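Residue numbers (our numbering): 560 to 944.
Written out below as structure tokens is the structure these notes cover.
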Ligand SMILES: Cc1cc2nc3c(=O)[nH]c(=O)nc-3n(C[C@H](O)[C@H](O)[C@H](O)COP(=O)(O)O)c2cc1C
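Encoded structure:
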């Protein structure tokens, strides 16, 4: 067992909302919009958190209480908390070296870190920082050769869990990103330059660390790709829609665990089981893809009830606090992930952001469990009203 590093969180930022507010002041508007926004009218993103918070839990007060443990077993590892860091693309745009900061914090706090194919750190670097514990989320490439090469690199890096994505059959329609020129192909508008000048610390750190790049994709990208052609390259690079024909050969060749992320229905959960996958993440991509869709807590509750004993059922989207983690676990999730919460933390506090956010969430979750009289994470469903 590693000796987990522990810091007390900074009392100026005792909530994810406080980190979000600080992040908004610290990073350029286009980067904040990219992180913070949902798709279309942003109905789904709002419902995610609102509907998690409708879940109610009941306490057992008159009970003996020997203390609590947040430790949770998942795919043969015992993690120190029942939550992990979801894959987020372009992390270095929000804060320089954000991927590296979160990967290191995940190791120190013994929680899972999932690397996105399209973020700003390579598979190899993620593996080095996390001592081979990082999970890898594959955006399915159009070319099988590229797919095989990425899988080979992930395996060589010691990656134990592969995450396949099924909820991006098309790029989400995000109005703010389109206005800011972050759609494909991206543009650097005058307004974006003005925003950068208004955020000197971000600009200085970015200057020091260099422009963020798609490090995992570098070997497959033409040299000197300009912004106009980057969009065309990305479009051609990924085959977007996932299906059983694409998953089956990966299942045959990948020796580790496979998790399907973006599951929103019982039908797709059943298909994942039939395909021999090890886990699913019930997710709507944090409200970035289908504005007319359900919040995640609803399908999570149904899927966990029906399939929770056949496959590991995990969840993300909308979780912003320890109580939200408790509500999700009580509703049947066996593990939870967060995307924005951790990125708000790093955007607000830089190098300290990963440690702070994990520590804050652990403290909040411990308080809820103690209040409930719940000694272990797997007992949370007993407290569901
Ligand atoms: C800015 C941003 C970029 C994202 N990029 C990816 C990605 O590259 N791959 C992926 O599987 N999910 C991606 N996601 C989705 C997250 O993995 C996760 O499902 C989502 O953030 C969960 O919702 P939450 O932010 O409310 O916690 C992204 C989310 C955000 C906010």
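All C-beta atoms in this analysis are idealised placements derived from N, C-alpha and C, irrespective of residue type, glycine included.
The model shown is predicted, which means the values in this text are computed figures rather than measured ones.
- DSSP, reduced to helix, strand and coil, places residue 723 within a strand of the structure shown.
- Put simply, the backbone Cα of residue 754 is about 14 Å away from that of residue 735.
- Within the DSSP secondary-structure output, residue 643 pairs in a beta bridge with 896.
- Within 8 Å of the C-beta of residue 587 there is not a single heavy atom belonging to ligand 1.
- Here residue 671 carries a coil assignment [DSSP, helix/strand/coil].
- Proximity to residue 886 across 901, 910 and 859 peaks at 859, based on C-alpha coordinates.
- Just so you know, the alpha carbons of residue 718 and residue 906 end up roughly 27 Å apart.
- Annotation note: the segment 776-858 contains the following uninterrupted alpha helix (DSSP H) runs of length 4 or greater, listed N- to C-terminal: 786-796, 803-812 and 825-833.
- Annotated as proximal: residue 727 and residue 848, with beta-carbon spacing under 9 Å.
- The alpha-carbon separation between residue 836 and residue 752 amounts to approximately 45 Å.
- In the DSSP assignment, residue 585 falls outside any beta strand (DSSP E) and within the unbroken alpha helix (DSSP H) covering 575-585.
- Segment contact: the segment 816-831 against the segment 865-875, three or more CB-CB distances shorter than 8 Å; contact assigned.
- Around the Cβ of residue 806, a 10 Å sphere holds 16 or more other Cβ atoms; the residue is buried.
- For residue 591, the Cβ stays outside the 8 Å cut-off from all heavy atoms of ligand 1.
- The three-state reading of DSSP puts residue 649 in coil, since its state is none of H, G, I, E or B.
- Assignment of beta-bridge partners to residue 631 by DSSP yields 638.
- By the Cβ neighbour-count rule, residue 570 is exposed, with fewer than 16 other Cβ atoms within 10 Å of its own.
- Short note on residue 896: C-beta closer than 8 Å to some heavy atom of ligand 1.
- Straight-line spacing of the CA atoms in residue 663 and residue 915 works out to 13 Å.
- Restricted to the segment 909-941, the alpha helix (DSSP H) segments that are unbroken, complete and at least 4 residues in length are 912-931, listed in chain order.
- Residue 872: member of the beta strand (DSSP E) spanning 871-874, first to last residue.
- The three-state secondary structure of residue 694, taken from DSSP, is strand.
- By the C-beta density criterion, residue 896 is buried, having at least 16 other C-beta atoms within 10 angstroms.
- By the neighbour-count definition (other C-beta atoms within 10 Å, threshold 16), residue 845 is a buried residue.
- Apart from the 5 residues on each side of it in sequence, residue 852 sits with its Cβ closer than 6 Å to the Cβ of 603 and 843 in its chain, given in chain order.
- Taking C-beta atoms as the reference points, residue 936 and residue 630 count as a pair closer than 9 Å.
- In the DSSP annotation of this structure, residue 613 is not part of any alpha helix (DSSP H), being labelled neither H nor E.
- In the three-state scheme derived from DSSP, where H, G and I count as helix and E and B as strand, residue 621 is classed as coil.
- In this model, residue 689 and residue 621 are separated by some 42 Å (Cα to Cα).
- Membership of residue 686 in the alpha helix (DSSP H) is indicated by the continuous run 682-689.
- Under the three-state reduction of DSSP, residue 943 is assigned to strand.
- A contact between stretches requires three or more CB pairs, one per stretch, nearer than 8 Å, and the segment 668-676 meets this requirement with the segment 640-657.
- Counted as a single uninterrupted DSSP element, the stretch harbouring residue 770 is not any alpha helix (DSSP H), since DSSP gives it neither H nor E.
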